[in-house]
Amino acid sequence: RALAPPRGASRRRAGVVVRAAAAKSKPSADGTAASTERKPKVAVVGAGWGGFGAAKALCEAGCDVTLLDGIPDPTGMTPSTTPTGKPFEYGTRGFWKDYPNIEATLAELGVRESDVFSDFTASSFFSPDGLEATAPVFSSSDYPQLPSPFGQVFATFDNFKRLPLEDRVTMVGLLYAMLDLGRDDETFEAYDRMTAHDLFIKMGLSKRLVDDFIRPTLLVGLFKPPEELSAAVTMELLYYYALAHQDSFDVRWISKGTVASSLIAPLAERLVKKHALTVLGGCRVEEVVVDESTGLATGVRFVRSAGKGKKPKTETLDDVDAVVLALSAKGMRGVVGSSPALARAAPELSRAASLGGIDVVTTRIWLDRYVFVENPANVLSRFEGLRGAGGTFFMLDQLQKNHEVALWGGEEPKGSVLACDFYNGGAVACLSDDDIIDLLMKELLPAAVPGFKEAKVLDAHVVRCPGAVTWFSPGSFNSRPPLRTSV
10 RALAPPRGAS
20 RRRAGVVVRA
30 AAAKSKPSAD
40 GTAASTERKP
50 KVAVVGAGWG
60 GFGAAKALCE
70 AGCDVTLLDG
80 IPDPTGMTPS
90 TTPTGKPFEY
100 GTRGFWKDYP
110 NIEATLAELG
120 VRESDVFSDF
130 TASSFFSPDG
140 LEATAPVFSS
150 SDYPQLPSPF
160 GQVFATFDNF
170 KRLPLEDRVT
180 MVGLLYAMLD
190 LGRDDETFEA
200 YDRMTAHDLF
210 IKMGLSKRLV
220 DDFIRPTLLV
230 GLFKPPEELS
240 AAVTMELLYY
250 YALAHQDSFD
260 VRWISKGTVA
270 SSLIAPLAER
280 LVKKHALTVL
290 GGCRVEEVVV
300 DESTGLATGV
310 RFVRSAGKGK
320 KPKTETLDDV
330 DAVVLALSAK
340 GMRGVVGSSP
350 ALARAAPELS
360 RAASLGGIDV
370 VTTRIWLDRY
380 VFVENPANVL
390 SRFEGLRGAG
400 GTFFMLDQLQ
410 KNHEVALWGG
420 EEPKGSVLAC
430 DFYNGGAVAC
440 LSDDDIIDLL
450 MKELLPAAVP
460 GFKEAKVLDA
470 HVVRCPGAVT
480 WFSPGSFNSR
490 PPLRTSV
(Lines of atoms letter the chains of each structure in order from A and count residues from 1; the text may use other names and numbers.)
(Lines give C-alpha, C1' and ligand atoms only; values in the text may rest on other atoms or scores of the structure.)
Protein backbone atom coordinates (compact mmCIF):
# COMPACT_ATOMS: atom_id res chain seq x y z
CA ARG A 1 0.00 0.00 0.00
CA ALA A 2 1.02 3.62 -0.32
CA LEU A 3 2.44 5.31 2.72
CA ALA A 4 2.59 9.00 3.61
CA PRO A 5 2.82 11.21 6.71
CA PRO A 6 -0.44 11.43 8.68
CA ARG A 7 -2.62 14.26 7.48
CA GLY A 8 -2.24 16.06 10.78
CA ALA A 9 1.53 16.30 10.35
CA SER A 10 2.74 19.55 8.78
CA ARG A 11 5.67 18.88 6.48
CA ARG A 12 7.80 21.00 4.14
CA ARG A 13 7.71 18.02 1.81
CA ALA A 14 4.91 15.52 1.18
CA GLY A 15 6.17 11.92 1.05
CA VAL A 16 4.08 9.30 -0.70
CA VAL A 17 4.91 5.69 -1.48
CA VAL A 18 2.99 4.27 -4.45
CA ARG A 19 2.37 0.51 -4.22
CA ALA A 20 3.74 -1.40 -7.16
CA ALA A 21 4.03 -4.89 -8.49
CA ALA A 22 5.85 -7.33 -6.24
CA ALA A 23 9.05 -8.78 -7.61
CA LYS A 24 8.15 -11.81 -9.63
CA SER A 25 10.15 -15.00 -9.86
CA LYS A 26 11.01 -16.19 -13.31
CA PRO A 27 10.40 -19.85 -14.18
CA SER A 28 13.44 -22.05 -14.36
CA ALA A 29 14.38 -24.12 -17.44
CA ASP A 30 12.41 -27.12 -16.23
CA GLY A 31 9.31 -25.00 -15.60
CA THR A 32 9.52 -25.08 -11.82
CA ALA A 33 9.18 -21.98 -9.76
CA ALA A 34 12.15 -20.03 -9.67
CA SER A 35 15.28 -19.13 -8.23
CA THR A 36 15.84 -15.50 -9.12
CA GLU A 37 14.89 -13.68 -5.99
CA ARG A 38 15.99 -10.08 -6.02
CA LYS A 39 15.87 -7.11 -3.73
CA PRO A 40 12.72 -4.96 -3.90
CA LYS A 41 13.44 -2.17 -6.36
CA VAL A 42 12.36 1.33 -5.28
CA ALA A 43 12.56 4.71 -7.01
CA VAL A 44 12.69 7.75 -4.71
CA VAL A 45 11.80 11.03 -6.43
CA GLY A 46 13.22 14.11 -4.73
CA ALA A 47 16.54 14.41 -2.91
CA GLY A 48 15.63 16.72 -0.06
CA TRP A 49 15.33 15.68 3.59
CA GLY A 50 12.32 13.50 2.82
CA GLY A 51 13.99 11.81 -0.13
CA PHE A 52 17.23 11.02 1.64
CA GLY A 53 15.32 9.93 4.75
CA ALA A 54 13.27 7.52 2.67
CA ALA A 55 16.36 6.31 0.80
CA LYS A 56 18.18 5.66 4.07
CA ALA A 57 15.27 3.67 5.55
CA LEU A 58 14.77 1.64 2.35
CA CYS A 59 18.48 0.90 1.92
CA GLU A 60 18.72 -0.28 5.51
CA ALA A 61 15.66 -2.48 4.91
CA GLY A 62 17.48 -4.24 2.08
CA CYS A 63 15.96 -2.52 -0.97
CA ASP A 64 17.64 -1.65 -4.25
CA VAL A 65 17.12 2.14 -4.24
CA THR A 66 17.48 4.73 -6.98
CA LEU A 67 17.22 8.39 -5.92
CA LEU A 68 16.37 10.93 -8.64
CA ASP A 69 16.46 14.73 -8.55
CA GLY A 70 16.59 17.56 -11.04
CA ILE A 71 19.62 19.30 -9.52
CA PRO A 72 22.93 18.30 -11.11
CA ASP A 73 24.45 16.70 -8.00
CA PRO A 74 22.01 15.79 -5.19
CA THR A 75 24.81 14.20 -3.13
CA GLY A 76 26.20 17.54 -1.92
CA MET A 77 29.67 16.66 -3.24
CA THR A 78 29.62 19.45 -5.84
CA PRO A 79 29.38 22.90 -4.25
CA SER A 80 26.74 25.38 -5.36
CA THR A 81 28.43 28.64 -6.31
CA THR A 82 27.63 32.11 -7.63
CA PRO A 83 28.79 33.27 -11.07
CA THR A 84 31.90 34.71 -9.34
CA GLY A 85 32.73 31.38 -7.69
CA LYS A 86 31.60 32.12 -4.15
CA PRO A 87 29.54 29.57 -2.17
CA PHE A 88 25.76 29.94 -2.19
CA GLU A 89 22.88 28.16 -0.50
CA TYR A 90 19.15 28.45 -1.16
CA GLY A 91 17.90 29.84 2.14
CA THR A 92 19.40 29.55 5.61
CA ARG A 93 18.18 26.58 7.67
CA GLY A 94 18.10 26.40 11.44
CA PHE A 95 18.44 23.23 13.50
CA TRP A 96 16.30 23.32 16.63
CA LYS A 97 17.02 21.56 19.88
CA ASP A 98 14.28 18.98 19.28
CA TYR A 99 15.87 17.49 16.15
CA PRO A 100 16.84 14.01 17.40
CA ASN A 101 16.83 12.40 13.93
CA ILE A 102 19.53 14.74 12.65
CA GLU A 103 21.64 14.17 15.75
CA ALA A 104 21.20 10.40 15.54
CA THR A 105 22.18 10.38 11.87
CA LEU A 106 25.35 12.36 12.55
CA ALA A 107 26.24 9.90 15.33
CA GLU A 108 25.76 6.98 12.91
CA LEU A 109 28.01 8.70 10.38
CA GLY A 110 30.68 9.40 12.96
CA VAL A 111 30.38 13.17 12.45
CA ARG A 112 30.75 15.31 15.53
CA GLU A 113 27.98 17.87 16.01
CA SER A 114 30.58 20.47 16.97
CA ASP A 115 32.16 20.04 13.51
CA VAL A 116 28.87 20.81 11.76
CA PHE A 117 26.82 23.16 13.95
CA SER A 118 27.39 26.48 15.62
CA ASP A 119 26.55 26.91 19.27
CA PHE A 120 22.88 27.57 19.99
CA THR A 121 22.38 31.27 19.25
CA ALA A 122 20.00 34.02 20.29
CA SER A 123 17.85 35.63 17.60
CA SER A 124 16.86 39.29 17.31
CA PHE A 125 13.55 40.67 16.03
CA PHE A 126 13.67 44.15 14.46
CA SER A 127 10.82 46.47 13.43
CA PRO A 128 10.78 50.11 12.23
CA ASP A 129 10.73 51.01 15.93
CA GLY A 130 14.04 49.23 16.55
CA LEU A 131 14.88 46.04 18.44
CA GLU A 132 11.61 44.44 19.52
CA ALA A 133 12.82 41.27 21.20
CA THR A 134 15.62 38.78 21.57
CA ALA A 135 14.88 35.07 21.65
CA PRO A 136 17.37 33.70 24.20
CA VAL A 137 19.15 30.37 24.44
CA PHE A 138 17.06 28.68 27.12
CA SER A 139 19.24 25.58 27.48
CA SER A 140 22.24 27.62 28.60
CA SER A 141 20.22 29.80 30.96
CA ASP A 142 20.37 29.50 34.74
CA TYR A 143 16.63 30.09 34.87
CA PRO A 144 14.78 27.06 36.32
CA GLN A 145 12.69 24.85 34.04
CA LEU A 146 8.99 25.65 34.43
CA PRO A 147 5.88 24.24 32.71
CA SER A 148 5.34 25.61 29.21
CA PRO A 149 4.51 28.40 28.37
CA PHE A 150 5.06 29.93 31.83
CA GLY A 151 8.78 29.17 31.70
CA GLN A 152 9.09 31.00 28.37
CA VAL A 153 7.15 34.01 29.67
CA PHE A 154 9.17 34.43 32.84
CA ALA A 155 12.56 33.49 31.38
CA THR A 156 12.17 36.17 28.68
CA PHE A 157 11.00 38.86 31.08
CA ASP A 158 13.82 41.21 30.04
CA ASN A 159 14.13 40.08 26.42
CA PHE A 160 11.12 41.91 25.04
CA LYS A 161 12.14 45.55 24.69
CA ARG A 162 8.74 47.01 23.84
CA LEU A 163 6.05 44.36 24.29
CA PRO A 164 4.41 44.72 27.72
CA LEU A 165 4.11 41.69 29.99
CA GLU A 166 0.32 41.88 29.92
CA ASP A 167 0.45 41.24 26.17
CA ARG A 168 2.93 38.39 26.48
CA VAL A 169 0.88 36.46 29.01
CA THR A 170 -2.09 36.32 26.61
CA MET A 171 -0.14 33.52 24.86
CA VAL A 172 -1.58 31.29 27.60
CA GLY A 173 -4.84 31.44 25.68
CA LEU A 174 -3.42 28.94 23.19
CA LEU A 175 -3.05 26.23 25.82
CA TYR A 176 -6.64 25.04 25.52
CA ALA A 177 -6.40 24.89 21.73
CA MET A 178 -3.11 22.98 21.95
CA LEU A 179 -4.70 20.36 24.21
CA ASP A 180 -7.83 20.15 22.07
CA LEU A 181 -6.11 19.95 18.67
CA GLY A 182 -5.18 16.26 18.69
CA ARG A 183 -8.46 14.95 20.09
CA ASP A 184 -9.47 13.33 16.77
CA ASP A 185 -9.37 13.92 13.01
CA GLU A 186 -12.69 15.77 13.07
CA THR A 187 -11.37 18.25 15.63
CA PHE A 188 -8.15 18.72 13.68
CA GLU A 189 -10.19 19.39 10.52
CA ALA A 190 -12.26 22.01 12.35
CA TYR A 191 -9.10 23.85 13.42
CA ASP A 192 -7.71 23.47 9.91
CA ARG A 193 -10.72 25.28 8.40
CA MET A 194 -10.06 28.22 10.74
CA THR A 195 -7.40 30.82 10.01
CA ALA A 196 -4.67 31.33 12.58
CA HIS A 197 -5.80 34.97 12.80
CA ASP A 198 -9.32 33.92 13.82
CA LEU A 199 -7.91 31.46 16.35
CA PHE A 200 -5.79 34.14 18.00
CA ILE A 201 -8.84 36.39 18.36
CA LYS A 202 -10.92 33.53 19.74
CA MET A 203 -8.26 32.56 22.29
CA GLY A 204 -7.77 36.13 23.49
CA LEU A 205 -4.23 36.81 22.25
CA SER A 206 -3.50 40.52 22.23
CA LYS A 207 -3.24 42.27 18.88
CA ARG A 208 0.14 43.63 19.82
CA LEU A 209 1.53 40.17 20.67
CA VAL A 210 0.34 38.90 17.30
CA ASP A 211 1.58 41.86 15.26
CA ASP A 212 4.93 42.35 16.98
CA PHE A 213 6.02 38.75 17.61
CA ILE A 214 3.79 35.95 16.33
CA ARG A 215 3.19 37.37 12.84
CA PRO A 216 6.90 37.79 12.01
CA THR A 217 7.59 34.36 13.52
CA LEU A 218 4.99 32.76 11.23
CA LEU A 219 6.21 34.66 8.18
CA VAL A 220 9.66 33.11 8.56
CA GLY A 221 8.44 29.76 9.94
CA LEU A 222 5.39 28.88 7.82
CA PHE A 223 6.07 31.68 5.32
CA LYS A 224 2.61 33.29 5.37
CA PRO A 225 0.80 35.75 7.68
CA PRO A 226 -1.73 34.31 10.18
CA GLU A 227 -4.79 35.30 8.12
CA GLU A 228 -3.57 33.01 5.32
CA LEU A 229 -2.57 30.00 7.43
CA SER A 230 -4.41 26.99 8.80
CA ALA A 231 -4.88 27.36 12.55
CA ALA A 232 -4.10 23.66 12.99
CA VAL A 233 -0.71 23.82 11.27
CA THR A 234 0.10 27.08 13.02
CA MET A 235 -0.44 25.46 16.41
CA GLU A 236 1.76 22.54 15.39
CA LEU A 237 4.55 24.94 14.48
CA LEU A 238 4.21 26.92 17.70
CA TYR A 239 4.09 23.74 19.73
CA TYR A 240 7.09 21.96 18.27
CA TYR A 241 9.30 25.03 17.88
CA ALA A 242 8.33 27.12 20.90
CA LEU A 243 5.87 25.64 23.36
CA ALA A 244 6.63 21.93 23.78
CA HIS A 245 9.42 22.60 26.28
CA GLN A 246 11.03 25.69 27.71
CA ASP A 247 14.09 25.24 25.48
CA SER A 248 12.23 24.23 22.28
CA PHE A 249 13.07 27.57 20.62
CA ASP A 250 16.84 27.03 20.97
CA VAL A 251 18.37 26.93 17.49
CA ARG A 252 21.79 26.53 15.90
CA TRP A 253 23.15 26.82 12.38
CA ILE A 254 25.65 25.28 9.99
CA SER A 255 29.15 26.38 11.03
CA LYS A 256 31.02 25.20 7.94
CA GLY A 257 30.00 25.02 4.30
CA THR A 258 26.35 24.33 3.57
CA VAL A 259 23.65 21.88 4.60
CA ALA A 260 24.45 19.91 1.45
CA SER A 261 28.20 19.70 2.06
CA SER A 262 28.06 19.20 5.84
CA LEU A 263 25.05 16.91 6.24
CA ILE A 264 23.84 15.48 2.93
CA ALA A 265 27.29 14.65 1.52
CA PRO A 266 28.43 12.29 4.32
CA LEU A 267 25.01 10.61 4.37
CA ALA A 268 25.00 10.14 0.59
CA GLU A 269 28.55 8.78 0.65
CA ARG A 270 27.61 6.26 3.34
CA LEU A 271 24.50 5.07 1.49
CA VAL A 272 26.33 4.74 -1.81
CA LYS A 273 29.29 2.83 -0.36
CA LYS A 274 27.48 0.63 2.15
CA HIS A 275 24.12 0.05 0.44
CA ALA A 276 24.89 0.69 -3.26
CA LEU A 277 22.39 3.57 -3.45
CA THR A 278 22.12 4.85 -7.02
CA VAL A 279 21.85 8.65 -7.24
CA LEU A 280 20.75 10.19 -10.54
CA GLY A 281 21.29 13.96 -10.66
CA GLY A 282 20.04 16.22 -13.43
CA CYS A 283 17.08 13.89 -13.86
CA ARG A 284 13.66 15.54 -13.83
CA VAL A 285 10.93 12.94 -13.33
CA GLU A 286 8.01 13.54 -15.65
CA GLU A 287 5.81 10.51 -15.11
CA VAL A 288 5.10 7.70 -12.71
CA VAL A 289 4.23 4.81 -15.02
CA VAL A 290 1.12 2.92 -13.89
CA ASP A 291 -0.23 -0.33 -15.29
CA GLU A 292 -3.95 0.45 -15.22
CA SER A 293 -4.89 -3.18 -15.74
CA THR A 294 -3.36 -4.08 -12.38
CA GLY A 295 -3.42 -0.69 -10.66
CA LEU A 296 0.30 -0.96 -9.93
CA ALA A 297 3.17 1.45 -10.49
CA THR A 298 5.85 -0.11 -12.66
CA GLY A 299 8.39 2.63 -13.34
CA VAL A 300 9.29 6.30 -13.67
CA ARG A 301 10.00 8.23 -16.85
CA PHE A 302 12.52 11.07 -16.53
CA VAL A 303 14.45 13.58 -18.61
CA ARG A 304 18.20 13.47 -18.03
CA SER A 305 20.20 16.64 -18.64
CA ALA A 306 23.05 16.02 -21.08
CA GLY A 307 25.02 19.14 -20.21
CA LYS A 308 25.20 22.65 -21.56
CA GLY A 309 24.27 22.92 -25.23
CA LYS A 310 23.28 19.26 -25.51
CA LYS A 311 19.81 17.86 -26.02
CA PRO A 312 18.27 16.21 -22.92
CA LYS A 313 17.49 12.52 -23.11
CA THR A 314 14.27 10.84 -22.00
CA GLU A 315 14.79 7.58 -20.09
CA THR A 316 12.69 5.13 -18.07
CA LEU A 317 13.49 3.26 -14.88
CA ASP A 318 11.48 0.03 -15.29
CA ASP A 319 10.44 -2.90 -13.13
CA VAL A 320 10.17 -0.98 -9.89
CA ASP A 321 8.26 -2.35 -6.92
CA ALA A 322 7.53 1.02 -5.33
CA VAL A 323 7.86 4.74 -5.98
CA VAL A 324 8.40 7.33 -3.24
CA LEU A 325 7.38 10.90 -4.06
CA ALA A 326 9.35 13.10 -1.64
CA LEU A 327 8.29 16.39 -3.18
CA SER A 328 6.97 19.83 -2.36
CA ALA A 329 3.49 20.73 -3.60
CA LYS A 330 5.09 22.30 -6.67
CA GLY A 331 7.09 19.15 -7.40
CA MET A 332 4.06 16.97 -6.81
CA ARG A 333 2.07 19.07 -9.25
CA GLY A 334 4.75 18.62 -11.91
CA VAL A 335 4.90 14.84 -11.55
CA VAL A 336 1.20 14.06 -11.06
CA GLY A 337 0.21 16.59 -13.72
CA SER A 338 2.24 14.69 -16.31
CA SER A 339 1.21 11.22 -15.07
CA PRO A 340 -2.36 10.83 -16.41
CA ALA A 341 -2.75 7.20 -15.37
CA LEU A 342 -1.59 8.01 -11.84
CA ALA A 343 -3.90 11.02 -11.63
CA ARG A 344 -6.86 8.88 -12.71
CA ALA A 345 -6.07 6.08 -10.30
CA ALA A 346 -5.11 8.20 -7.27
CA PRO A 347 -7.31 11.29 -6.89
CA GLU A 348 -5.77 11.88 -3.46
CA LEU A 349 -2.44 12.59 -5.16
CA SER A 350 -4.16 15.02 -7.52
CA ARG A 351 -5.50 16.84 -4.47
CA ALA A 352 -2.01 16.93 -2.96
CA ALA A 353 -0.73 18.39 -6.22
CA SER A 354 -3.31 21.18 -5.91
CA LEU A 355 -1.78 22.62 -2.73
CA GLY A 356 -0.39 26.10 -3.18
CA GLY A 357 3.23 27.18 -3.10
CA ILE A 358 4.97 30.19 -1.57
CA ASP A 359 7.58 32.33 -3.32
CA VAL A 360 11.00 32.79 -1.76
CA VAL A 361 13.76 35.23 -2.67
CA THR A 362 17.19 34.36 -1.31
CA THR A 363 20.31 36.52 -1.48
CA ARG A 364 23.93 36.54 -0.38
CA ILE A 365 25.93 39.75 0.05
CA TRP A 366 29.69 40.31 0.53
CA LEU A 367 30.63 43.66 2.14
CA ASP A 368 33.77 45.79 2.18
CA ARG A 369 33.85 45.96 6.00
CA TYR A 370 32.68 44.13 9.07
CA VAL A 371 29.43 45.32 10.59
CA PHE A 372 28.83 44.56 14.25
CA VAL A 373 25.48 42.84 14.83
CA GLU A 374 24.76 41.53 18.31
CA ASN A 375 23.27 38.22 17.18
CA PRO A 376 23.98 36.30 13.97
CA ALA A 377 20.31 35.37 13.33
CA ASN A 378 17.81 38.18 12.82
CA VAL A 379 14.18 38.70 11.77
CA LEU A 380 12.72 41.80 10.10
CA SER A 381 9.04 42.66 10.61
CA ARG A 382 6.51 45.41 9.85
CA PHE A 383 8.78 47.26 7.43
CA GLU A 384 6.91 48.68 4.43
CA GLY A 385 9.83 47.67 2.23
CA LEU A 386 9.17 44.01 2.93
CA ARG A 387 6.03 44.26 0.75
CA GLY A 388 4.21 41.71 2.89
CA ALA A 389 7.14 39.28 3.11
CA GLY A 390 8.90 37.90 6.14
CA GLY A 391 12.55 38.91 6.17
CA THR A 392 15.63 37.36 7.76
CA PHE A 393 19.32 38.19 7.71
CA PHE A 394 22.17 36.05 8.96
CA MET A 395 25.73 37.12 9.65
CA LEU A 396 27.55 34.18 8.08
CA ASP A 397 30.95 35.56 9.05
CA GLN A 398 29.85 35.13 12.69
CA LEU A 399 28.33 31.67 12.22
CA GLN A 400 31.29 30.43 10.16
CA LYS A 401 34.03 32.56 11.70
CA ASN A 402 36.63 29.78 11.41
CA HIS A 403 35.96 29.34 7.69
CA GLU A 404 35.81 32.89 6.32
CA VAL A 405 38.16 32.20 3.42
CA ALA A 406 35.74 29.55 2.19
CA LEU A 407 32.85 32.06 2.50
CA TRP A 408 34.79 34.33 0.16
CA GLY A 409 35.41 31.55 -2.36
CA GLY A 410 39.10 31.33 -1.50
CA GLU A 411 39.68 35.10 -1.53
CA GLU A 412 41.07 37.08 1.37
CA PRO A 413 38.08 38.02 3.58
CA LYS A 414 37.28 41.74 3.40
CA GLY A 415 34.16 42.10 5.55
CA SER A 416 30.82 40.70 6.61
CA VAL A 417 28.99 38.09 4.57
CA LEU A 418 25.20 38.09 4.82
CA ALA A 419 22.47 35.67 3.80
CA CYS A 420 19.21 37.62 3.45
CA ASP A 421 15.94 35.87 2.60
CA PHE A 422 12.37 36.97 1.86
CA TYR A 423 9.53 34.49 2.50
CA ASN A 424 6.11 35.07 0.94
CA GLY A 425 8.29 37.18 -1.29
CA GLY A 426 6.31 37.35 -4.52
CA ALA A 427 6.15 41.15 -4.46
CA VAL A 428 9.88 41.45 -3.73
CA ALA A 429 10.63 39.01 -6.56
CA CYS A 430 9.18 41.54 -9.04
CA LEU A 431 12.09 43.90 -8.33
CA SER A 432 15.36 43.69 -10.25
CA ASP A 433 18.39 42.09 -8.61
CA ASP A 434 19.97 45.52 -8.09
CA ASP A 435 16.77 46.89 -6.57
CA ILE A 436 16.55 43.96 -4.14
CA ILE A 437 20.12 44.54 -2.96
CA ASP A 438 19.43 48.29 -2.68
CA LEU A 439 16.27 47.58 -0.67
CA LEU A 440 18.37 45.61 1.78
CA MET A 441 21.43 47.84 1.96
CA LYS A 442 19.78 51.26 1.79
CA GLU A 443 16.54 50.65 3.67
CA LEU A 444 15.99 47.48 5.65
CA LEU A 445 19.39 46.60 7.10
CA PRO A 446 20.40 50.15 8.17
CA ALA A 447 17.01 50.58 9.87
CA ALA A 448 17.79 47.52 12.00
CA VAL A 449 21.54 48.07 12.47
CA PRO A 450 22.83 51.58 11.62
CA GLY A 451 26.33 50.24 10.94
CA PHE A 452 25.16 48.97 7.54
CA LYS A 453 24.83 52.59 6.29
CA GLU A 454 28.59 52.87 5.79
CA ALA A 455 29.12 49.45 4.20
CA LYS A 456 29.57 48.96 0.46
CA VAL A 457 28.61 45.86 -1.49
CA LEU A 458 31.56 44.10 -3.14
CA ASP A 459 29.56 41.18 -4.53
CA ALA A 460 25.98 39.94 -4.36
CA HIS A 461 23.80 37.16 -5.74
CA VAL A 462 20.00 36.95 -5.90
CA VAL A 463 17.88 33.87 -6.65
CA ARG A 464 14.10 33.75 -6.99
CA CYS A 465 12.37 30.49 -6.02
CA PRO A 466 8.72 30.66 -7.13
CA GLY A 467 6.39 28.28 -5.28
CA ALA A 468 9.38 26.84 -3.43
CA VAL A 469 7.64 25.85 -0.18
CA THR A 470 4.23 24.35 0.45
CA TRP A 471 1.45 26.66 1.63
CA PHE A 472 -0.67 25.17 4.41
CA SER A 473 -3.71 27.36 3.83
CA PRO A 474 -6.99 27.10 5.75
CA GLY A 475 -8.87 24.00 4.61
CA SER A 476 -5.78 22.31 3.17
CA PHE A 477 -6.12 19.28 5.50
CA ASN A 478 -8.13 17.24 2.99
CA SER A 479 -5.65 17.93 0.21
CA ARG A 480 -2.73 16.42 2.06
CA PRO A 481 -1.86 12.85 1.11
CA PRO A 482 -3.45 10.22 3.34
CA LEU A 483 -1.48 7.48 5.06
CA ARG A 484 -2.27 5.07 2.21
CA THR A 485 -2.93 5.83 -1.43
CA SER A 486 -5.34 4.00 -3.70
CA VAL A 487 -2.60 2.87 -6.13
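Residue numbers (this note's numbering): 10 to 496.
Every residue, glycine too, gets a C-beta built ideally from N, C-alpha and C.
Of the residues the options, the one placed nearest residue i, counting alpha carbons only
{"i": "R360", "options": "L188, L454, M341 and A277", "result": "M341"}
{"i": "K282", "options": "F486, T84, G79 and I80", "result": "T84"}
{"i": "E117", "options": "P275, D444 and A354", "result": "P275"}
{"i": "C72", "options": "R47, A205, D82 and I263", "result": "R47"}
{"i": "A8", "options": "L67, L184 and G62", "result": "Because the chain here runs from 10 to 496, residue 8 falls outside it and cannot be looked at."}
{"i": "Y379", "options": "E357, M404 and A355", "result": "M404"}
{"i": "L289", "options": "K50, D82 and C68", "result": "D82"}
{"i": "R171", "options": "A186, E141 and T226", "result": "E141"}
{"i": "L247", "options": "D107, G435 and T75", "result": "D107"}
{"i": "P491", "options": "K211, L395, P88 and A355", "result": "A355"}
{"i": "F126", "options": "A338, H284 and W105", "result": "W105"}
{"i": "V74", "options": "V51, G119 and T196", "result": "V51"}
{"i": "K211", "options": "L358, A186, I80 and T101", "result": "A186"}
{"i": "V496", "options": "E357, G119 and G318", "result": "E357"}
{"i": "P137", "options": "T494, R489, L454 and K462", "result": "L454"}
{"i": "L364", "options": "D193, L351 and K339", "result": "K339"}
{"i": "R493", "options": "L334, A56 and D189", "result": "L334"}
{"i": "M244", "options": "D189, L305 and A56", "result": "D189"}
Contact set for residue i: own chain, Cβ-Cβ below 8 Å, skip 5 residues either direction
{"i": "A415", "result": "P96, K265, G266 and Q409"}
{"i": "T307", "result": "A29, A30, V298, V299, D300, D327, D328 and V329"}
{"i": "T204", "result": "P235, E236, E237, L238, S239, A240 and P483"}
{"i": "D377", "result": "K423, G424, A464, K465, V466 and L467"}
{"i": "F214", "result": "It should be noted that the sequence gives Leu, not Phe, for residue 214. Closer than 8 Å at the Cβ level, and outside the excluded window around L214, lie T179, M180, G182, L183 and I223."}
{"i": "K322", "result": "V312, R313 and A315"}
Residue burial classification, residue i (beta-carbon count within 10 angstroms, cutoff 16)
{"i": "L208", "result": "buried"}
{"i": "P349", "result": "exposed"}
{"i": "F486", "result": "buried"}
{"i": "S390", "result": "buried"}
{"i": "P483", "result": "buried"}
{"i": "F134", "result": "buried"}
{"i": "S441", "result": "exposed"}
{"i": "L174", "result": "exposed"}
{"i": "E393", "result": "exposed"}
{"i": "V369", "result": "buried"}
{"i": "C68", "result": "buried"}
{"i": "A66", "result": "exposed"}
{"i": "A64", "result": "buried"}
{"i": "D259", "result": "buried"}
{"i": "P109", "result": "exposed"}
{"i": "S302", "result": "exposed"}
{"i": "G139", "result": "exposed"}
For residue j and residue i, the rounded distance between their alpha carbons
{"i": "R279", "j": "D300", "result": "34 Å"}
{"i": "G366", "j": "A241", "result": "18 Å"}
{"i": "D201", "j": "E295", "result": "32 Å"}
{"i": "E122", "j": "L272", "result": "10 Å"}
{"i": "I446", "j": "A144", "result": "27 Å"}
{"i": "K233", "j": "T479", "result": "10 Å"}
{"i": "G291", "j": "R473", "result": "20 Å"}
{"i": "Y99", "j": "E421", "result": "24 Å"}
{"i": "V229", "j": "A457", "result": "17 Å"}
{"i": "F481", "j": "A199", "result": "14 Å"}
{"i": "A362", "j": "V309", "result": "17 Å"}
{"i": "A438", "j": "L395", "result": "11 Å"}
{"i": "G476", "j": "L227", "result": "17 Å"}
{"i": "K498", "j": "V54", "result": "Examination of residue 498 is not possible in this model, given that the chain is present from 10 through 496 alone."}
{"i": "L449", "j": "H412", "result": "25 Å"}
{"i": "S89", "j": "G191", "result": "41 Å"}
{"i": "R102", "j": "R261", "result": "9 Å"}
{"i": "A56", "j": "D78", "result": "6 Å"}
{"i": "R489", "j": "R353", "result": "17 Å"}
{"i": "T372", "j": "K319", "result": "30 Å"}
Cutoff 6 Å; reference residue i; Cβ partners in own chain excluding five residues on either side
{"i": "V344", "result": "V294"}
{"i": "M86", "result": "A274"}
{"i": "W375", "result": "V426, L467 and D468"}
{"i": "G435", "result": "D368"}
Other residues of its chain near residue i: CB distance less than 7 Å, five sequence neighbours each side excluded
{"i": "G460", "result": "V380 and F381"}
{"i": "I111", "result": "F104"}
Any non-hydrogen atom of the ligand COA within 6 Å of residue i CB
{"i": "I446", "result": "As for the ligand COA, it is missing from this structure, which has no ligand bound."}
Three or more C-beta pairs below 8 Å linking the region 415–431 and the region 388–402:
Touching, per the Cβ criterion.
Any contact of the region 214–230 with the region 177–188, i.e. 3+ C-beta pairs under 8 Å?
Contact between the region 214–230 and the region 177–188 is present, because at least three Cβ pairs lie under 8 Å.
Would you say the region 386–394 touches the region 118–135, given that touching needs at least three Cβ pairs under 8 Å?
Judged by Cβ distances under 8 Å, the region 386–394 makes contact with the region 118–135, as three or more pairs qualify.
Measuring CB atoms only, is the region 88–106 touching the region 459–474, in the sense that at least three cross pairs come out at less than 8 Å?
These segments touch.
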